[in-house]
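Residue numbers (this note's numbering): 273 to 895.
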């Protein structure tokens with residue numbers, strides 16, 4: 273036992289010493305403690321508190337019922353579905369494909385702290401080429417914005433934005449810019465900064481011509497920087513100002529960093545407002561977002577000139593339940609609204625529709641009627657999806673004809689069957705009953721048929737879906753023997769109380785029956801011996817084996833009593849010891865049985881076999 277403990281302690285110290293040569297452990301711990309795991313994960317996942325933990329949809333695998341749990345008390349997360357778990361650093365490494373250093377740097381920046389200068393190799397999860405592209409976009413974003421705001425070459429773009437009603441605050445918030453109408457202005461600027469021409473072509477900042485020369489891709493255009501969720505510019509949208517300059521709108525080409533179907537314009541700035549408001553407003557264009565932002569509606573995002581994708585819909589669902597679609601009020605906008613609404617509802621979002629009169633787009637509405645009218649008459653007055661659906665589909669039927677009326681009613685009932693809210697269902701059933709003079713009972717009966725057909729009749733247990741998931745996961749697994757449960761429970765108490773760990777160390781040492789439990793206990797003894805207090809989040813950082821980390825997280829996430837008596841702890845120890853002793857006895861008897869057989873004493877061998885069977889029977893009954 274002492275040799276094993278010495279080995280683990282020494283290897284642990286070696287690991288910490290290596291890390292200390294790079295970043296002191298005290299600094300790592302200070303940064304980790306300055307970033308509450310619920311706040312950090314809350315920037316990626318819509319979390320709801322249930323009991324002492326927070327639950328949400330797992331960002332690492334597709335699911336419709338939350339199985340992703342975060343505990344603020346222990347500063348760890350665990351998904352009962354896919355099994356991923358860890359602390360705040362681990363989460364960022366998984367979520368962003370960060371290296372350990374990058375995750376720590378992100379958390380340090382977030383908390384307003386600085387990492388000390390070290391000889392550590394600041395490895396990046398991005399390729400060298402992608403890092404160069406990001407750097408080039410950062411330089412050009414600043415350049416174009418500066419030209420727009422302060423230089424003569426940018427006045428044309430500045431006057432255009434002013435004419436569109438944008439104030440300097442909005443221009444600065446979105447870092448809007450202007451690319452001068454010069455062939456190689458951008459290329460020369462970036463080449464002086466050390467960027468290779470080939471990288472600039474690949475980034476889509478310049479275009480390669482037939483004579484192998486290059487031309488600025490966005491020359492003569494107002495620039496809308498397109499940022500990823502971390503606020504890094506990954507592409508540009510350019511709006512032409514000159515007559516005959518085609519196309520009017522031009523985006524950067526798609527790349528590893530920029531995929532239109534996976535990004536939402538302004539998502540980085542809107543994310544905190546989406547969380548605060550509990551809903552997101554979805555637009556079709558950049559100017560709609562910027563105008564809404566200027567009108568003090570900040571929880572706004574937009575697609576990149578394409579239809580909403582399933583990826584984008586799932587991204588929104590992860591952050592919020594309710595999405596307000598605010599597309600153009602013309603026929604094309606209404607058609608696009610219907611498609612986007614269907615997709616959002618498929619991934620589980622509640623959808624509302626903002627109505628814009630006179631066929632206007634959001635930007636034009638704000639310019640014409642002002643921000644108060646936009647806030648109160650458009651956003652706050654958004655109609656339910658069903659109200660929109662009924663209005664939208666009326667156009668496809670001649671309700672003066674009996675056949676069309678029946679088809680229309682059936683289509684509405686089919687859609688009503690998809691609604692979870694009984695109040696909303698009844699409200700629209702009454703509307704149909706009044707309008708078409710059909711009894712409410714008849715409509716309700718038909719509705720139930722559609723619900724049964726769609727599998728929408730819900731079990732009562734669905735109400736507790738945030739708390740049932742972990743239990744269901746555990747129940748589906750094979751029941752463990754009593755000694756294994758005792759070992760897990762004991763380790764869970766040891767993780768949260770150093771004095772319990774010390775008591776177990778004196779009484780049991782590493783004499784656990786499961787090998788992994790032996791190793792975890794030994795690491796834990798060393799952890800407390802180094803002077804640490806109980807801290808699961810810090811403890812798992814000291815484990816290098818991923819399987820052990822996951823096991824510790826699962827054990828730590830299991831519910832335990834806050835106050836446990838010495839008697840209960842001793843009961844767990846007794847169960848573990850009994851198992852160990854019985855296993856030892858069986859092995860000893862087996863050795864005796866072999867010896868009896870070798871000595872040609874079948875009677876003694878049979879008696880020993882009977883003893884083994886009795887012990888095994890007792891073990892089975894105990895377990």
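No residue lacks a Cβ here, since even glycine has one placed at the ideal position from N, Cα and C.
According to DSSP, residues forming a beta bridge with residue 325: Position 53 of the chain shown, counting from 1, holds the residue named residue 325. For residue 325, which the question treats as bridged, DSSP gives the partners 322, 343.
Opposing strand residues paired with residue 709 [DSSP bridges]: Here residue 709 corresponds to residue number 437 of the chain shown, with the count starting at 1. Secondary-structure assignment with DSSP links residue 709 through no beta bridge to anything.
Local conformation of residue 836 per DSSP, three classes: By one-based count along the chain shown, residue 836 stands at place 564. Reduced to three states, the DSSP call for residue 836 is coil.
As assigned by DSSP and simplified to three states, the class of residue 588: For the purposes of this step, residue 588 is identified with residue 316 of the chain shown, where counting begins at 1. Helix at residue 588.
Minimum C-alpha distance to residue 575 - residue among 462, 314, 499: As a working mapping, residue 575 is identified with position 303 in the chain shown. Checking every option, the nearest Cα to that of residue 575 belongs to 499.
Burial state of residue 744 (16 or more Cβ within 10 Å): For the purposes of this step, residue 744 is identified with residue 472 of the chain shown, where counting begins at 1. Caution is warranted here: a pLDDT of 40 is assigned to residue 744, below 50, making its placement in the model unreliable, and the coordinate value is therefore given only provisionally. Exposed.
For residue 512, the first and last residue of its enclosing beta strand (DSSP E): On the chain shown, position 240 is the one that residue 512 refers to. Run containing residue 512: 505-512, per the beta strand (DSSP E) assignment.
Start and end residues, alpha helix (DSSP H) containing residue 634: In the chain shown, residue 634 corresponds to position 362, counting from 1. If you look at residue 634, you'll find it in the alpha helix (DSSP H) that goes 634-641.
The beta strand (DSSP E) enclosing residue 450, as first and last residue numbers: Mapped onto the chain shown, residue 450 falls at position 178. 449-451 is the span of the beta strand (DSSP E), which, as asked, contains residue 450.
Helix, strand or coil at residue 317 [DSSP, three-state]: As a first step, residue 317 must be located in the chain shown, where it is residue number 45. Residue state, collapsed to three classes: coil.
Same chain, Cβ closer than 7 Å to residue 822, neighbours up to 5 away in sequence not counted: Residue mapping note: residue 822 aligns to position 550 of the chain shown, counting from 1. Around residue 822: 355, 357.
Local Cβ density within 10 Å of residue 470, reported as buried at 16 or more and exposed below that: As a first step, residue 470 must be located in the chain shown, where it is residue number 198. Its Cβ having fewer than 16 others within 10 Å, residue 470 is exposed.
As assigned by DSSP and simplified to three states, the class of residue 413: Here residue 413 refers to the residue found at position 141 of the chain shown. Note: residue 413 maps to helix in three-state DSSP.
C-beta atoms of residue 344 and residue 315 nearer than 8 Å: Residue numbering aside, residue 344 sits at position 72 when the chain shown is read from its first letter. Residue numbering aside, residue 315 sits at position 43 when the chain shown is read from its first letter. Not in contact: residue 344 and residue 315 (Cβ atoms no closer than 8 Å).
Stretch pair the segment 554-566 + the segment 292-301: three plus CB contacts closer than 8 Å: no
Environment of residue 668 [buried if 16+ CB atoms lie within 10 Å]: Taking the chain shown and counting its residues from 1, one reaches residue 668 at position 396. With fewer than 16 other Cβ atoms inside 10 Å of its own Cβ, residue 668 counts as exposed.
Cβ-Cβ distance between residue 592 and residue 626 below 8 Å: Residue 592 sits at position 320 when you count from the first residue of the chain shown. Residue 626 sits at position 354 when you count from the first residue of the chain shown. For residue 592 and residue 626, no; Cβs fall outside 8 Å.
Supposed contact pair residue 536 and residue 502 - C-beta distance, whole angstroms, cut 8 Å: Against the chain shown, residue 502 aligns to sequence position 230. Against the chain shown, residue 536 aligns to sequence position 264. Not confirmed; about 13 Å, so no contact.
Where the beta strand (DSSP E) through residue 553 begins and ends: In the chain shown, counting from the first residue as 1, residue 553 sits at position 281. Residues 551-555.
Chain-order list of residues whose beta-carbon lies under 7 Å from that of residue 716 (same chain, five-residue window excluded): Position 444 of the chain shown holds residue 716. Here the set comprises 701.
Cβ-based neighbour list, residue 523, same chain, cut-off 6 Å, excluding 5 preceding and 5 following: Counting from one through the chain shown, the residue named residue 523 turns up at place 251. Hits under 6 Å: 509.
Test item: CB-CB of residue 786 and residue 818 under 8 Å: For the purposes of this step, residue 786 is taken as residue 514 along the chain shown, with counting starting at 1. For the purposes of this step, residue 818 is taken as residue 546 along the chain shown, with counting starting at 1. Cβ distance not < 8 Å, so residue 786 and residue 818 don't count as in contact.
Residue 816 - DSSP class collapsed to helix/strand/coil: One-based indexing of the chain shown puts residue 816 at position 544. Residue state, collapsed to three classes: coil.
7 Å CB neighbourhood of residue 426 in its chain, flanking five on each side removed: In the chain shown, residue 426 corresponds to position 154, counting from 1. Answer for residue 426: 419, 420, 450, listed in chain order.
Through-space distance from residue 601 to residue 629, alpha-carbon basis: The count along the chain shown starts at 1 and reaches residue 629 at position 357. The count along the chain shown starts at 1 and reaches residue 601 at position 329. Rounded to whole angstroms, residue 629 to residue 601 spans 7 Å at the Cα level.
Those runs of the alpha helix (DSSP H) which lie wholly inside the segment 605-673 and span at least 4 residues: 634-641, 657-666
Short Cβ contact (8 Å threshold) for residue 513 with residue 428: What you label residue 513 is simply residue 241 of the chain shown in a count that begins at 1. What you label residue 428 is simply residue 156 of the chain shown in a count that begins at 1. A contact, by the Cβ cut-off of 8 Å.
Bridge partner(s) assigned by DSSP for residue 522: Reading the chain shown from its first residue, position 250 is the one you call residue 522. According to DSSP, which records beta bridges pairwise, residue 522 is partnered with 510.
Length of the line joining the Cα atoms of residue 809 and residue 375: For this step, residue 809 is matched to residue 537 along the chain shown. For this step, residue 375 is matched to residue 103 along the chain shown. Going from the Cα of residue 809 to the Cα of residue 375 covers about 15 Å.
Closest Cα partner of residue 494 within the set 486, 443, 705: For the purposes of this step, residue 494 is taken as the residue at position 222 of the chain shown. Nearest of 486, 443, 705 to residue 494, Cα basis: 443.
Three-way DSSP call (helix, strand, coil) for residue 487 in this model: Sequence index remark: in the chain shown, residue 487 carries index 215 (1-based). Residue 487: strand per DSSP, three-state reduction.
Whole-angstrom C-beta distance between residue 708 and residue 677, which should lie under 8 Å: Locating residue 677 in the chain shown gives position 405, counting from the first residue. Locating residue 708 in the chain shown gives position 436, counting from the first residue. That belief holds up - the Cβ atoms of residue 677 and residue 708 are roughly 6 Å apart, short of 8 Å.
Three-state secondary structure assigned by DSSP to residue 543: Position 271 of the chain shown holds residue 543. Three-state DSSP puts residue 543 in a helix.
Span of the alpha helix (DSSP H), counted from its first residue to its last, around residue 799: To locate residue 799, count along the chain shown from 1; it is residue 527. 787-801 is the span of the alpha helix (DSSP H), which, as asked, contains residue 799.
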